[in-house]
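The working numbering numbers the first residue of the sequence shown as 693 and each following residue consecutively. Yeah, the Cβ is synthetic: ideal placement off N, Cα and C, and Gly gets one too.
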Amino acid sequence: MENYYSDTSGERLRAVPAGSGTAAIHVALGGLQIPAGTEVIVPPITDMGTVMPVIFQNAIPVFADLDPNTGLLTAETIARVATSRTSAVIVVHLGGSPADMDPILDFCRQHNIKVIEDAAQAQGASYKGRPAGTRGDAGCFSLNSQKHITCGEGGFVLVRSEDDFLRCLNFSDKHRNRTGVTDPNSEHYIYNGSGVNYRMSDLEFAMLLAQLPKLAKVAARFTAVGQRLDERLSKIPGVRPQQHHGKAISSYFFQMFRLEPDLVARREDVLKAMRAAATSVGMGVGKSYGDETLYRTGVFRNRNFFDTFGQPNNETPIWPAELVARQIFPDIPETVFDYKQTHCPEAERWIESSLQIVFHDGHEPHHADIVADAIETVLSI
């Protein structure tokens, strides 16, 4: 993995294995030494695995709104919620579409904010000629059975700094210090920090080695189908495919599009027609990515992160990050901890108006035409 991403990015990178994409995010947070009680900016539409590691690393997720055309974080949306308490941002390449990283990196470097790329859905995607996940301080990938290449379950973190590599490696292995130690019985083979066990097995590595040479071919097949869907759907009045940055190539983990406001009421009709057509060719369809923005889910609205860590009389629970943050930042606003007051209007519109199409590397562009024809037909009635 190191050699592949180093060769394709033009820069020497180091890879740290992790048990899943979620574990990779946790390893990156631990390896980059994100301080407890600080804020980590995240998107409101993503897998819960993007955000839960922030909670378990005792940091505070802060949700930034999305670009209305791409459904991704931008430097502008990040800047709206960034504060002196912000230590990191997790940029998600949703559906495999790379975010516009250069402005994000410029802003974050100016404000000493670490950038973690969640490229779990972006294997095979690229931004300005480099693989997605190779621009930030860390790039996190997933290798589960749904991804373009898989080893059943697994993930990895890409970093460029040797120090970051060693910290991530130690964090992923119970913080057992292996640096420069060849004898596991040495007195220097000691624990000098906290960590978890996210190691992968030899069997998973063996499967991955067989998968890796197929990545470019598999990604190209996904891209061909996804681009055909984008092309067809963009010609249907009232349909807006997810836009991609002009110098980015999506991996099309799924294809996503929105309906214009005057057509949102017909979303169920469109979904029904899509499902019938997609089923006939073995594709999958669904509404938006997630039924709600993450801050509207029960776990965030009720702050039910640690069930037994509550206040007396069944009041709103608190969690360790909140206690630490209040000590470090005495003037921190109460709204930071109250997700019932979080409001990201563009993300909410994405949830209300979007649909997605899921396919695999056995599909070809003519299969995309069948689904696009069904959408065009139902909206012409």
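With at least 16 other beta carbons inside 10 angstroms of its own, L835 counts as buried. Distance check between A707 and each of A1017, E854 and N750 places E854 closest, using alpha-carbon atoms only.
In the DSSP annotation of this structure, the continuous segment of the alpha helix (DSSP H) that includes A916 starts and ends at L907 to L925.
Judged by beta-carbon spacing, R950 lies within the 8 angstroms limit of S1046, meaning their Cβ atoms are closer than that value. The alpha helix (DSSP H) runs lying completely inside the segment 923 to 999 and spanning 4 residues or more are 959 to 972 and 990 to 993, given in chain order. As computed with DSSP, C843 is found in no beta bridge at all. Shown here, I805 sits in coil according to DSSP, grouped into three states, outside any helix or strand. Cα atoms of D699 and L861: separation of roughly 22 angstroms, rounded to the nearest angstrom. Beta-bridge partners of Q815 (DSSP): none assigned.
The beta-carbon separation of S818 and A710, rounded to 22 angstroms, does not stay under the 8 angstroms limit for a contact. Excluding residues up to 5 positions away in sequence, P1009, W1011 and P1012 lie with their Cβ nearer than 8 angstroms to the Cβ of F998 in the same chain.
Look at P745 here: in three-state DSSP terms it is helix. In this structure, DSSP gives G831 an extended state, which the three-state scheme calls strand. Counted as a single uninterrupted DSSP element, the alpha helix (DSSP H) harbouring A1064 occupies residues P1057 to S1072.
Bridge pairing for Y883: R868 [DSSP]. From the listed residues V977, R777, V931 and K927, the smallest Cα separation to D1023 is found for R777. V917 and P790 do not touch by the CB rule: their CB atoms are close to 18 angstroms apart, not below 8 angstroms.
Residue L705 holds the alpha-carbon nearest to the alpha-carbon of R852 among D1030, L1071, L705 and D794. Straight-line measurement puts the Cα of G825 at about 15 angstroms from the Cα of A780. If you look at E731, you'll find it in the beta strand (DSSP E) that goes E731 to V734. For a cut-off of 8 angstroms, the C-beta gap from A1066 to A968 is around 7 angstroms, short enough to register as a contact. Judged by beta-carbon spacing, F755 lies beyond the 8 angstroms limit of Y981, meaning their Cβ atoms are not closer than that value. Secondary structure of S779 (DSSP, three-state): strand. Around the beta carbon of Q813, a 10 Å sphere encloses 16 or more other beta carbons of the protein chains shown; the residue is thus reported as buried. Per DSSP, the continuous beta strand (DSSP E) segment holding P709 begins and ends at R706 to A710. Residue environment: P1025 is assigned as exposed (fewer than 16 neighbouring CB atoms within 10 Å of its CB, all protein chains considered). As the crow flies, the alpha-carbon of G887 is around 26 angstroms from that of Y697.
The straight-line gap separating the alpha-carbon atoms of A767 and G974 is approximately 38 angstroms. Residues of the same chain with a CB within less than 6 angstroms of the CB of P760, apart from the 5 flanking positions on each side, are E1038 in chain order. As DSSP reads the structure, P753 sits in a beta bridge with V732. Straight across, the Cα-Cα distance linking V719 with V849 is about 7 angstroms.
In this chain, L904 is not harboured by any beta strand (DSSP E), its DSSP state being neither H nor E. Sixteen is the threshold: when 16 or more other Cβ atoms of the shown chains lie within 10 Å of the Cβ of D829, as they do, the residue is buried.
In the three-state DSSP reduction, V719 falls in the helix class (H, G or I).
Shown here for Q947: same chain residues with a beta carbon closer than 6 angstroms to its own, the five before and five after excluded, namely G918, L921 and I1049 in chain order. Apart from the 5 residues on each side of it in sequence, L963 sits with its Cβ closer than 7 angstroms to the Cβ of V977, K979 and L1047 in its chain, given in chain order.
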